[in-house]
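Read the structure below first, then the notes.
Protein chains: 2
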Amino acid sequence: MCVNVLTLIMAESALEVIPKELRSHPSVLSHSRRRGKPPSRLILDRSYHHAAMKRLDRGWKRGRPDIVHISLLEALGSPLNREGLLRVFVHTFDGHVITIASETRLPRNYMRFIGLMEQLFELGRVPPSGKPLLKIERKSLKMLLEDVKPSYVLALSSAGKPTTLPKAVLRLTNSERPAVLVGGFPAGDFEEETVELADEVLSIDPETLEAWTVTSRVIYEYERAIGLPERRLKRQLEEKPSKV
Amino acid sequence: MCVNVLTLIMAESALEVIPKELRSHPSVLSHSRRRGKPPSRLILDRSYHHAAMKRLDRGWKRGRPDIVHISLLEALGSPLNREGLLRVFVHTFDGHVITIASETRLPRNYMRFIGLMEQLFELGRVPPSGKPLLKIERKSLKMLLEDVKPSYVLALSSAGKPTTLPKAVLRLTNSERPAVLVGGFPAGDFEEETVELADEVLSIDPETLEAWTVTSRVIYEYERAIGLPERRLKRQLEEKPSKV
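As given, the protein sequences belong to chains U and W, one line each in that order. If you read the first sequence in this note's numbering, its first letter stands for residue 1073, the second for the next number, and so on. If you read the second sequence in this note's numbering, its first letter stands for residue 1073, the second for the next number, and so on.
Below is the structure:
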């Protein structure tokens, strides 16, 4: 039975501080005053900076930190992660990599999550002292993969070869060090440089699914393929036979 | 092959306006000033009203609108819903039922979702004119089930009989009018009156899973059991054979 750790990478994620070219835009400045922080320390968010983002390079892929938030809640709360069988990284559009310790309990509230991300971009790690739960480095996806050294990299994208999720996950469970890339952005495809880093690009639905849905499904299907639900159930029945 | 519509009910959900007994609490009043709305028109949220909620009846189950938000994003964005095979209701802790049209596209941003819920509780429907996408009524879970008339009601709860999700979903796909209840609250079990409305209470994991994870998984497993991924794939290959 396969019990290999799955590496999940949210790739090209729409999470970054407000880029230089937008910091003097009126809508950014007024949001900065309301938040009481300089624009360079605020997370770009289409909900607040839509007007400023109009002429931003590939703006349609950017400023959606909610995608990372919800996807990470799905990933970190999964039985796979609780069993220590999931490693999670967030690669961002602007070339950072966030490493997340599996025991991290993220804020459920969106505004608190944004505050945490602002702290992370400012200090490079959270919490500021002791064992870091989250750390951020300037790193390309290529460099991250050179660190992780996966034996097989699957990218999930609506532009990929159509298949079903169980078949896609079989490629992961048949690998010794599997990694899966999920796009952490709202629309459009992976950049060519990302596609080149994947062994395969597969599509699991004819329509574009939200990143958090893909994340949740690929983790569940992986659990299912390695027989994790049955193993957890068996352990439960052995531990508390009286409760059943 | 089963193609019955699945009814998903988020039950006892932690979504309500600030209850009367909390409206004069200092933390509520200061939040009310910041938001520029009277407390009676604000959604209860533990992130802002924690201090006020200390002596609230069953406060541990309340004030978590983020749970409904993320769970609904998972439900409404699913292929099952896009195929018209999912009906979604939110039953709230304080005895309301929200009916959600399947074509509803909820705000991804949490603060915008909260604004929408405030509008819904105030006006009873959203949008205010034309076909309602969301409507809210005073209604008990019992009355909702009398309307929906399910042939089988499954409640998912960590206090239920342990099983695996595929086995639990078999009960749904074997029914003509299946309904599943997912708790829309952060901790604790269903109230006794909810348990009594279910034909079975099953647990799909030894640990408590987040409501959005349960929602996402039960929908995916239902899709899988009715062969929806294969059907969607087949349709795609027939429609665009040149793209493959």
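Just so it is clear, CB atoms sit at the ideal spot from N, CA and C, and this is done for glycine as well.
As a beta-bridge residue in DSSP terms, Gly1255(W) pairs with Ala1083(W). Comparing alpha carbon positions, the residue from Ser1201(U), Pro1111(U), Pro1179(U), Glu1093(U) closest to Asp1129(U) is Glu1093(U). Linking Leu1237(W) to Val1254(W) through their CA atoms gives a straight-line distance of about 13 Å.
Closest in C-alpha terms to Ser1223(W), from the list Asn1246(W), Val1198(W), Phe1262(W), Pro1091(W), comes Asn1246(W). For Arg1249(U), the closest alpha carbon among the candidates Ile1172(U), Leu1226(U), Lys1233(U) is that of Leu1226(U). The Cβ atoms of Leu1078(W) and Leu1205(W) lie no closer than 9 Å to each other. With a threshold of 9 Å between beta carbons, Gly1260(U) makes no contact with chain W. Separation of the CB atoms of Phe1161(W) and Thr1171(W) is rounded to 6 Å, and the pair is thereby assigned contact status at 8 Å. Taking 9 Å as the CB threshold, Glu1146(U) lines the interface with chain W. With distances taken between CA atoms, Lys1203(W) lies nearest to Glu1175(W) out of Leu1228(W), Glu1175(W), Ser1212(W).
Around Glu1263(U), the same chain offers Glu1084 as residues with beta carbons nearer than 7 Å, after the five sequence neighbours per side are excluded.
The beta carbon of Leu1188(U) sits closer than 8 Å to the beta carbons of Leu1178, Pro1179, Val1198, Leu1206 from its chain, once the five residues preceding and following it are set aside; these are given in chain order. CA-to-CA, the gap between Asp1219(U) and Ser1119(U) works out to about 35 Å.
DSSP places Pro1234(U) within a strand segment (E or B) once states are collapsed to three. For the options Gln1308(W), Ser1102(W), Ser1275(W), the alpha carbon positioned closest to that of Leu1305(U) is the one of Ser1275(W). Taking the Cα positions, Val1241(W) is about 37 Å away from Lys1221(U). When the alpha-carbon of Leu1300(U) is set against those of Ala1270(U), Glu1155(U), Gly1167(U), Arg1210(U), the nearest one is in Glu1155(U). Contact between Gly1260(W) and Ala1283(W) does not hold, since their C-beta atoms are separated by about 12 Å, which reaches or exceeds 8 Å.
The three-state secondary structure of His1122(W), taken from DSSP, is coil. A distance of 9 Å or more separates the beta carbons of Lys1233(U) and Glu1265(U).
With 16 or more other Cβ atoms inside 10 Å of its own Cβ, Arg1289(U) counts as buried. The three-state secondary structure of Val1225(U), taken from DSSP, is strand.
With at least 16 other beta carbons inside 10 angstroms of its own, Gly1149(U) counts as buried. Per the coordinates, the alpha-carbon of Ala1297(U) lies some 11 Å from the alpha-carbon of Arg1243(U). Between His1122(W) and His1097(W), the alpha-carbon positions lie close to 11 Å from each other.
With fewer than 16 other Cβ atoms inside 10 Å of its own Cβ, Met1183(W) counts as exposed. Beta-carbon to beta-carbon, Asp1117(U) and Pro1137(U) are separated by about 6 Å, close enough to satisfy the 8 Å threshold.
Using a CB distance cut-off of 9 Å, Trp1132(W) does not count as an interface residue toward chain U.
Of all residues in the segment 1181 to 1193 of chain U, the ones placed with a Cβ closer than 8 Å to any Cβ belonging to chain W are Asn1181, Tyr1182, Met1183, Arg1184, in chain order. Pairing Leu1101(W) with Pro1111(W), the inter-Cα distance amounts to about 7 Å. Scanning its chain for C-beta atoms nearer than 8 Å, with the 5 sequence neighbours on each side dropped, one finds around Thr1235(U) the residues Leu1274, Ser1275, Ile1276, in chain order. Cβ-Cβ distances below 6 Å link His1103(U) to Tyr1120 in the same chain, with the five nearest sequence neighbours on each side left out; the list follows chain order.
For a Cβ distance threshold of 7 Å, residue set Glu1146, Gly1149, Ser1150, Ser1288 of chain U lies close to Thr1285(W), ordered along the chain.
His1163(W) sits away from Leu1114(W), with the two beta carbons spaced by 9 Å or more.
In the three-state DSSP reduction, Arg1106(U) falls in the helix class (H, G or I).
Excluding five sequence positions before and after Pro1258(W), the CB atoms of its chain that fall closer than 6 Å to its own CB belong to Arg1136, given in chain order.
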